[in-house]
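Working notes, structure below.
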Amino acid sequence: MILLAFLLQSVAPPPAAPGEEQRFDECVALVASDPAKGVQIANDWRIAGGGVPARHCLALAYAAQQRWAPAAVAFEQAARDSEVARDGRAANLWVQAANARLAAGEAQPARAAIDTALAHGTLTGERLGEAHLDRARASVALGDNAGARTDLDKALELVPADPLAWLLSATLARRVNDLPRAQKDIAEAQKRSPDDASVALEAGNIAMLSGSPEAARIAWEAAIKNQSESAAAKSAAAAIKALDADPGTPAAEPVPAPAPKP
1030 MILLAFLLQS VAPPPAAPGE EQRFDECVAL VASDPAKGVQ IANDWRIAGG GVPARHCLAL
1090 AYAAQQRWAP AAVAFEQAAR DSEVARDGRA ANLWVQAANA RLAAGEAQPA RAAIDTALAH
1150 GTLTGERLGE AHLDRARASV ALGDNAGART DLDKALELVP ADPLAWLLSA TLARRVNDLP
1210 RAQKDIAEAQ KRSPDDASVA LEAGNIAMLS GSPEAARIAW EAAIKNQSES AAAKSAAAAI
1270 KALDADPGTP AAEPVPAPAP KP
């Protein structure tokens, strides 16, 4: 649902044609309440010549059902149609396509979609920062730590209030054994999102690798307390169990990060 919330709030400005804006808004509202019906309505609209807004709503409907592959295809089709129409929405649609590809575990096409979005040169401010954050996530999945670091540093410049950017930066620093950077960045994430289980899990991981198993335990216990049913909390519980069995246990890998919030 985090990704759906991001996609719904990242909707590009609807077309200016009379009636189109209202129809698009109605379609998006339907997606939020009844995704299956949203797919049907959006498809009917697309077949009737709905163009970019119809494909966009269809993509959102697929995303609401967590059908990431068809959602990505629909976003990409909408983006290409937007490029032809030159309506100024293509970059945003490519970013949304990338998020769907990331959710589907398809890092290479996700990074390609972000490259295309950035090439348009129309993203600015927060949206530009989130695009760099998305590309960093794809790069990590592809094993390109250097590329990920470049994008994360850019994201931190543009969206310094986003705890996810600090969390991912800390995680990457830990993975490349830059513990001073990891400690600094996870502290920034904790300031911005003190109750987030994923942040607490990573804080424990970093503490463990820094030679502070008791601090790691405290952080992992906080992850469980804060969001007991989350995947991060379950990873933290497993880490505590492993720590009790073997005090020299390595840090637990964090759960995959959600798509960035707008």
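Converting from the sequence shown to the working numbering requires adding 1029 to each position, the first position being numbered 1. Ideal placement from N, C-alpha and C gives every residue a C-beta, glycine not left out. Nothing here was measured: the structure is a model prediction, and the numbers come from that model.
One alpha carbon belongs to residue 1191, the other to residue 1246, and they sit about 26 Å apart. In the DSSP assignment, residue 1200 falls within the alpha helix (DSSP H) that extends over 1192-1204.
Restricting attention to alpha helix (DSSP H) runs no shorter than 4 residues, the region 1064-1089 encloses them at 1064-1076, ordered along the chain. The shortest CA-to-CA distance from residue 1064 to any of 1084, 1094, 1073 is the one to 1094. Linking residue 1102 to residue 1083 through their CA atoms gives a straight-line distance of about 13 Å. Rounded to whole angstroms, residue 1185 and residue 1194 show a C-alpha spacing of 6 Å. For the region 1197-1262, the full-length alpha helix (DSSP H) segments reaching 4 residues or more read 1208-1221, 1226-1238, 1242-1255 along the chain. Fewer than three pairs of CB atoms, one per stretch, sit closer than 8 Å, so the region 1171-1179 makes no contact with the region 1142-1151. DSSP places residue 1172 in no alpha helix (DSSP H); its state is neither H nor E. Less than 8 Å separates the beta-carbon of residue 1218 from that of residue 1196. For the set 1077, 1078, 1225, 1060, the Cα lying nearest the Cα of residue 1088 is the one of 1060. The Cβ atoms of residue 1229 and residue 1252 lie closer than 8 Å to each other.
CA-CA distance, residue 1223 to residue 1203, rounds to 19 Å. Collapsing the DSSP output to three states places residue 1152 in coil. The beta carbon of residue 1241 is closer than 6 Å to none in its chain, skipping five residues each way along the sequence.
For residue 1124, the enclosing alpha helix (DSSP H) has its first and last residue at 1119-1132.
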